[in-house]
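Written out below as structure tokens is the structure these notes cover.
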Amino acid sequence: MISAEHVVDIARPPEVVFAYFADLRNEPEWNRGHVREVRLITPEPVGLGATFEGEHPGFGRATWRLSAYDPPRHVEIEGTVGGAPYRYAGDLESANGGTRFRGRVEWSPRGAWRMLGPALGPILRLQARRSFAHLREALER
562 MISAEHVVDI ARPPEVVFAY FADLRNEPEW NRGHVREVRL ITPEPVGLGA TFEGEHPGFG
622 RATWRLSAYD PPRHVEIEGT VGGAPYRYAG DLESANGGTR FRGRVEWSPR GAWRMLGPAL
682 GPILRLQARR SFAHLREALE R
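Just so we're aligned: the sequence shown equals residues 562 to 702 in the numbering used here.
Have a look at this one:
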């Protein structure tokens, strides 16, 4: 398993950050180049159990399900990326007039990706830092 953690401060209230982040259809806007064509495949509204499908360039089809949903404090996402298990856990709290967002992503690559595991760890950590900086930019616009 490879993992990455992030902490980002966003100058928006936790309710706004949570709602935007938990609706994974927004991810292509802030996780640019890493996620495409995300759609909700369960009925509205977005909440516990909501399931999404999308495309992860280079890794193929991805599915995600909101496995924990406690607005505006905690969200967990489980699914598969490139046919391999994926998990994300995020915690939000009020801080400095906005939101402090802490999270951890875990991915257990399979097949040829597994052999690249040691190299994928630093790449995933760099990508997480960039993506969550883009999340902050998208929400603060």
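By construction, the Cβ of each residue, glycine as well, lies at the ideal position given by its N, Cα and C atoms.
Residue i: first and last residue of the uninterrupted alpha helix (DSSP H) it sits in
{"i": "F582", "result": "P575 to A583"}
{"i": "P589", "result": "E588 to W591"}
Burial state of residue i (16 or more Cβ within 10 Å)
{"i": "V636", "result": "buried"}
{"i": "E588", "result": "buried"}
{"i": "A572", "result": "exposed"}
{"i": "V569", "result": "buried"}
Short Cβ contact (8 Å threshold) for residue i with residue j
{"i": "P646", "j": "S669", "result": "yes"}
{"i": "L685", "j": "I563", "result": "yes"}
{"i": "R600", "j": "G610", "result": "no"}
As assigned by DSSP and simplified to three states, the class of residue i
{"i": "P683", "result": "helix"}
{"i": "R671", "result": "coil"}
{"i": "H595", "result": "coil"}
{"i": "E701", "result": "helix"}
Start-to-end residues for the beta strand (DSSP E) that takes in residue i
{"i": "G659", "result": "G659 to W668"}
{"i": "L653", "result": "A645 to A656"}
Straight-line Cα distance separating residue j from residue i
{"i": "R691", "j": "P604", "result": "31 Å"}
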